[in-house]
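Q: Offset between the sequence shown (1-based) and the numbering used here: plus 7.
We put the beta carbon where it would ideally sit given N, CA and C, even for glycine.
Keep in mind the model is a prediction, meaning the values are calculated, not measured.
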Amino acid sequence: MRWQGRRQSDNVEDVRGQQGGGLGGGFGRGGGMGGGPGFRIVRGGGISGILILVVMFFVLRAIGIDPLPFLFGDGSIQSTQTQQSSGRTPAEGGKVANDEATQFARTILAETEDTWSGIFQSRGQTYTPPTMVLFSDGVRSACGMASAASGPFYCPGDRKLYIDLTFFNELATKFGASGDFANAYVIAHEVGHHVQNLLGILPRFNQMRQQMSQAQANQMSVRVELQADCFAGVWGYYTNQKGILEAGDLEEAINAAHQIGDDTLQKRSQGYVVPESFNHGTSAQRAKWFQRGFQSGKIESCDTFSGDV
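1) From this set, D270, G243 and L178, which residue's C-alpha is nearest L116's C-alpha?
2) So, is V49 buried or exposed, given that buried needs 16 or more other C-beta atoms within 10 angstroms?
3) If we count Cβ pairs, one from each stretch, closer than 8 angstroms, do we get three or more for the region 145 to 161 versus the region 220 to 230?
4) Determine the direct distance from the alpha carbon of N190 to that of L257, and round the result to whole angstroms.
5) Please report the residue range of the beta strand (DSSP E) in which I208 lies.
6) Terminal residues of the continuous alpha helix (DSSP H) containing K274?
7) Can you say whether Y279 is buried or exposed, counting buried as having 16 or more other CB atoms within 10 angstroms of its CB?
8) Can the beta-carbon of P163 be found less than 9 angstroms from the beta-carbon of P210?
9) Taking C-alpha atoms, which residue in D187, K305, L141 and G199 lies nearest to S129?
10) What is the DSSP secondary structure of Y134, reduced to helix, strand or coil?
11) Would you mind sorting G314 into buried or exposed? The rule is 16 or more other CB atoms within 10 Å of its CB.
12) Secondary structure at S220, three-state DSSP: helix, strand or coil?
13) Taking the straight line between their C-alpha atoms, what separation do you get for V22 and A104?
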């Protein structure tokens with residue numbers, strides 16, 4: 008990636024070295040990229056076919072897709088007018104370090120800000136960027152405590168994405184996914200969850216899944232995660248249009264998506280897979296949806312909630 012010398016985001020809090028601790032969800036150094044502690048699966052009762060339709064209806068509407076063609080028959084894609092605004096100022100906190108890894112993360116965050124601001128504006132909406140919190144060891148978020156072992160995560164409660172930058176080293180050595188665009192994919196995926204939050208997808212999902220069984224919530228979680236992968240791909244499309252990507256970058260991201268698929272991770276850790284426990288998607292699914300977003304550059308192509316994934 009030709010990322011050096013580009014704008015760096017000020018929406019960054021550097022809390023590395025401050026006391027943290029605790030456990031949480033997230034990318035999962037033994038699991039896949041995720042939504043963080045705010046994405047805990049909630050056990051509950053069963054869910055009827057009607058409730059599934061309700062979930063699909065609101066999720067499709069939230070991303071600007073007319074749900075009627077998918078639920079009841081023929082139709083066309085339409086835009087919705089949902090304003091998202093906030094008078095938020097750049098993140099405050101401790102002095103942000105100026106090492107290369109931090110510069111990279113700030114640059115990628117800035118690129119996501121520019122891309123999603125443009126996409127939202129074209130849809131008659133306003134994009135409010137997330138804050139990226141750089142931490143080490145552990146951190147407290149609005150979603151609870153999280154340790155560095157949980158990996159990067161996004162917390163809908165405070166609209167912040169949390170990352171220990173040493174994770175990139177482990178992504179390369181443990182998961183076999185090296186390269187700057189592989190690292191950028193990690194950040195773009197978590198920003199994808201933020202986009203879902205702004206569009207109302209995450210709030211509706213979190214509300215609906217309280218009525219779902221574990222298995223049903225896992226299935227819906229897979230669709231949420233794959234959409235975040237697709238949104239990361241949409242960002243990648245515009246990044247490529249700017250001439251930032253170099254030969255081999257796309258392959259780095261696709262490999263990263265493949266290496267963190269539920270099936271690949273389970274085979275690596277326990278030697279066999281348990282499909283009903285998947286909550287992020289298989290390697291093939293994750294690579295497929297990232298590529299779909301990368302090829303189209305349109306969020307309408309990221310409908311993971313209708314049909315097979």
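A: The structure says:
1) Along the sequence shown, read from residue 1 onward, the residue named residue 116 stands at position 109. It is G243.
2) Taking the first residue of the sequence shown as 1, we reach residue 49 at position 42. A caution first: V49 carries a pLDDT of 26, below 50, which makes its placement in the model unreliable, though a value can still be read off. It counts as exposed.
3) no
4) Working through the sequence shown from its first residue, we reach residue 257 at position 250. Working through the sequence shown from its first residue, we reach residue 190 at position 183. Their Cα atoms are separated by approximately 12 angstroms.
5) Taking the sequence shown and counting its residues from 1, the one referred to as residue 208 is at position 201. Counting along the chain, I208 falls outside any beta strand (DSSP E), though it belongs to the alpha helix (DSSP H) covering I208 to M215.
6) The residue labelled residue 274 in the question sits at position 267 within the sequence shown. From DSSP, the alpha helix (DSSP H) with K274 extends over D269 to Q277.
7) As a position in the sequence shown, residue 279 is number 272, starting the count at 1. Exposed, because fewer than 16 other Cβ atoms sit within 10 Å of the Cβ of Y279.
8) In the sequence shown, the residue the question calls residue 163 occupies position 156. In the sequence shown, the residue the question calls residue 210 occupies position 203. Contact: yes.
9) Locating residue 129 in the sequence shown gives position 122, counting from the first residue. Considering only alpha carbons, the answer is K305.
10) Counted from its first residue, the sequence shown places residue 134 at position 127. It is coil, neither helix nor strand.
11) For this step, residue 314 is matched to residue 307 along the sequence shown. Counting Cβ neighbours within 10 Å, G314 comes out exposed, since fewer than 16 surround it.
12) Sequence index remark: in the sequence shown, residue 220 carries index 213 (1-based). Coil.
13) The count along the sequence shown starts at 1 and reaches residue 22 at position 15. The count along the sequence shown starts at 1 and reaches residue 104 at position 97. Each residue's alpha carbon lies about 10 angstroms from the other.
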